[in-house]
Structure formats: structure tokens, C-alpha cells
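S.K.: What follows is a single structure, and I will ask about it in a moment.
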Ligand code: URA
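Numbering (my numbering), first residue to last: 162 to 403.
Following this line, the structure appears as C-alpha cells:
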């Protein structure tokens, strides 16, 4: 682990939220190698430095990785002023975990949660372009020309969608079912690209993250990622050590 912002280290170690940890630093309650650091920014290395908060030594937390099958009505943020159910509320752990990216409140399916902030940053960075797969129920009849347009790339406000693979699962007059795999980069990308070709999404479910699948995980249930799955995620994003 390299030098990181002190408040980030403290919050990842379960001391408190990042904002509260900033306050603790500014109040002079945090020392690094015997020296009180009471200004921001302040940096430390959790693996090398002795960090003490209000008399208590902070140690690196073991890294933990969950896969949640998110139900509708649950949000992917750690703070919600409206008090809605958060994905982290569905996982009983004392570790400060974060969602890797976001699913919309009405989207169901797989989301990874972890306290490995570095991995969160990498997996959400467009550079790594990990493929996510979704099943979308859309209004209208999907035709070959829709598939062609989607595969070619759709212009959205921030740029063109790319690396898309589309498979028709069911074609009806009023509704169709389509599987879309995409190296996701943009916010609400799947709904927006389908809307652009005239197929508004009625419901959306994420079924795969790269090679990671649910293995029969029920809706609202979670499991730990296997060591092989964690290694796969690290390898996919590896150009530094994690
Ligand atoms: N794309 C969307 O439009 N919504 C999601 O929740 C995920 C991907």
C-alpha cells in the first residue's frame, strides 16, 4: 500500500465517515509516527506508519468482497439524506464497504461491495472496461436493425457507446427481452442507449460482471466472492499491486 490521504485510511479502517475523520484530524486527535498531524491534506502509509487516533492504534483491515443480488428500491450509495434502503444495509458487516459502481434504484441484479477502495477505483475506471451483462425488458418489438445500431455504437451526450454485444432473447409485438453486454463507461448507459433506438426499458437486471455470475443467488441475498473471483478482478485491473 502506498501513501494515502489520512482521512481515507481512517475511514477505510472503520474509524468513522471520511468527513468525521477529517474533523478528528483537524481537532489534533491523530498522530503518525508520534507526530500529531492536524492539517489537511495529510498522508500516511497504513502498512508502514504507526497511526494513532485518540490513543488507539489503527491497523489495516482485512479486505472483504461481497456479491449482492440487489432488489428494486435499494440505492447504491453510502449516504442518503432521504433515508432509503442502501445496498450496504443488506450486508451485515462491521467493515466500511462501498459499492463498485452503481445500479439505478429500479435496476436489480449483481453488484460487488468491498472495503478495498483501490479495487473500487479501478473497477469503476473506464480504462479497464470490464464487461457487464444485463437483461432488459423493453417496450416494443426488437428488430435486427435495432441490434445492428446498438452493436455499432450509439451517440450519447458524453460520447459513443462501444464494445456492445446484443442478443435477442424474446421478440414480442409489445415487449421484447434483450441481453446486452457492454464495457460500461457512462451513467445509465444501457437505458439511454436502448431509449435512443426507440426501445424504452421497462425493467433491467444485471446478470454478470465480467466472468462473475450469481450462481443461483436469490434476490436480496449476498455471498462472498471466491478467492478465484477476487484474483480475477485484481488481474483484470492489474498494472500496479493491490
Ligand atoms: N445502465 C443503466 O441504464 N442502468 C443501470 O442501473 C445500470 C446500467
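Idealized CB from N, CA, C, for every residue including glycine.
(1) Comparing the CB of residue 265 with every heavy atom of ligand 1, is any distance shorter than 7 Å?
(2) If you scan the stretch 181-215 from start to end, which runs of the beta strand (DSSP E) of 3 or more residues do you find wholly inside it?
(3) Does the distance from the C-beta atom of residue 371 to that of residue 292 stay below 8 Å?
(4) Is residue 349 near ligand 1, judged by its Cβ being under 7 Å from some heavy atom?
(5) Just to confirm, does residue 366 get its C-beta within under 7 Å of one of the non-hydrogen atoms of ligand 1?
(6) Per DSSP, residue 337 forms a beta bridge with which residues?
(7) When every heavy atom of ligand 1 is checked, does at least one fall within less than 7 Å of the C-beta of residue 352?
(8) Would you kindly work out how many angstroms separate the C-alpha atoms of residue 275 and residue 224, rounded to a whole number?
(9) Rounded C-beta distance between residue 342 and residue 299? I'm assuming under 8 Å.
(10) Let me make sure I understand the geometry here. Which of 184, 196 and 280 has the alpha-carbon closest to that of residue 212?
M.R.: Short version:
(1) With a threshold of 7 Å, the Cβ atom of residue 265 counts as near ligand 1, since some heavy atom of the ligand is closer than that.
(2) As far as the stretch 181-215 is concerned, its whole beta strand (DSSP E) runs of at least 3 residues are 191-193 and 212-214.
(3) Going by C-beta atoms, residue 371 is nearer than 8 Å to residue 292.
(4) Because some heavy atom of ligand 1 lies under 7 Å away, the Cβ of residue 349 counts as near it: yes.
(5) Not under cutoff, so the answer is no.
(6) Assignment of beta-bridge partners to residue 337 by DSSP yields 299 and 332.
(7) Answer for residue 352: yes, Cβ within range of ligand 1.
(8) Distance from the CA of residue 275 to the CA of residue 224, rounded to the nearest whole angstrom, comes to 7 Å.
(9) In this structure, residue 342 and residue 299 do not form a Cβ contact; the two beta carbons are roughly 16 Å apart against a cut-off of 8 Å.
(10) The alpha carbon of residue 212 has as its nearest neighbour, out of 184, 196 and 280, the alpha carbon of 196.
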